[in-house]
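A.B. asks:
2 protein chains.
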Amino acid sequence: MSKAILLFGHGARNREYAEPFHRIKAAIQLREPDAKIEIGFLELQRPTFEEAIDALVRHGATDVRIVPIFFAPGRHVLKDLPERAALALDRYPDLNVEVADAVGMVPSVVDAMADYALGK
Amino acid sequence: MSKAILLFGHGARNREYAEPFHRIKAAIQLREPDAKIEIGFLELQRPTFEEAIDALVRHGATDVRIVPIFFAPGRHVLKDLPERAALALDRYPDLNVEVADAVGMVPSVVDAMADYALGK
């Protein structure tokens, strides 16, 4: 079965906020052309988290990995996201959901930022 | 001359917001033990951007690379940061300042996030 990934973001009023999400999505798609990938925002912007879940299920996803595109695991990641994920499971009882760590806490991502900071 | 790096962030009221900054700083320090690294926030949190600049200069920095720890280059990166950097140059006319791209736009960082999203 192909992978289903939801890139979870806060959302913002300015359009360029979504840009890195589209870059990450494109980089994933390059690696796994069959992966189903949706971007879902908590607020202020669409598609919403719920719309992203709906789209993944509609495309046949049974297992979704939710990846918080946040530097730190604050309230939005630790409280809002699990609440939204629980509501999604109410709507789709057969769906399996895995919530990954906030990307800013992931060693390989931190290493890439450190290398870049050093101009490498 | 050793490198001087300023990790620039927005700042937030919650304490955990600073966590990824400290992780990035530690990862840089591991790679280059002599690097001078300061964290500086735009608002809501200390040290401020100005305090970070002052600390770097006090430690002998003549060239500072400012790295925006932001996913997207929005107003804070494109407008607020250059303004603050210009004010710092007024205070330290001999300082050389380089503003790097927002980390969320850097291909190696995007790649690391994509790999992580795929569970690699």
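From first to last, the protein sequence lines stand for chains A and B. Following the numbering used here, the numbering of the first sequence begins with 1 at its first residue and continues without gaps. Following the numbering used here, the numbering of the second sequence begins with 1001 at its first residue and continues without gaps. Using N, Cα and C, we set each Cβ at its ideal position, and we do this for glycine too.
1. When Cβ atoms are compared, which residues of the region 96-112 of chain A fall closer than 9 Å to chain B?
2. Where does LYS25(A) sit, in a helix, a strand or coil, going by DSSP?
3. Can ILE28(A) and ALA1035(B) be called in contact, C-beta distance under 7 Å?
4. Over what stretch of residues does the alpha helix (DSSP H) that includes LEU87(A) continue unbroken?
5. Quick one, which of LEU1089(B), MET1113(B), TYR1017(B) and ARG1075(B) has its alpha-carbon nearest GLU16(A)'s?
6. In three-state DSSP terms, what is ARG46(A)?
7. Using the DSSP secondary-structure output, state which residues sit across from ASP1115(B) in a beta bridge.
8. Which residues does DSSP list as the beta-bridge partners of ARG1065(B)?
9. What are the boundary residues of the beta strand (DSSP E) that includes GLU1038(B)?
10. Shorter than 7 Å from the beta carbon of PHE41(A) to some beta carbon of chain B?
11. Am I right that LEU1006(B) and GLU1038(B) are in contact with their C-beta atoms under 8 Å? What's the rounded C-beta distance?
12. On a CA-only basis, which of ASP115(A), ALA4(A) and GLU50(A) is nearest HIS59(A)? Give me that one, please.
13. I'd like to check one pair, ILE1024(B) with VAL67(A): are the Cβ atoms closer than 7 Å?
14. What number of angstroms, rounded off, separates the C-alpha of ASN96(A) from the C-alpha of ALA1114(B)?
15. So, for VAL1103(B): in the same chain, excluding its five sequence neighbours on each side, which residues have a beta-carbon less than 8 Å away from its beta-carbon?
16. Give the single residue among PHE8(A), ARG31(A), GLY11(A) and THR62(A) whose Cα lies nearest to the Cα of LYS1120(B).
17. Decide if ALA26(A) is buried, meaning its Cβ has at least 16 other Cβ atoms within 10 Å, or exposed.
18. For ALA1012(B), does the three-state DSSP call read helix, strand or coil?
C.D. replies: For this structure:
1. GLU98, ALA100, ASP101, ALA102, VAL103, GLY104, MET105, VAL106, PRO107, SER108, VAL109, VAL110, ASP111 and ALA112
2. helix
3. no
4. 81-91
5. ARG1075(B)
6. coil
7. Beta-bridge pairing links ASP1115(B) to no other residue.
8. ILE1005(B) and GLU1098(B)
9. 1036-1041
10. no
11. 5 Å
12. ALA4(A)
13. no
14. 21 Å
15. VAL1067, PRO1068, ILE1069, PHE1070, PHE1071 and VAL1109
16. ARG31(A)
17. exposed
18. coil
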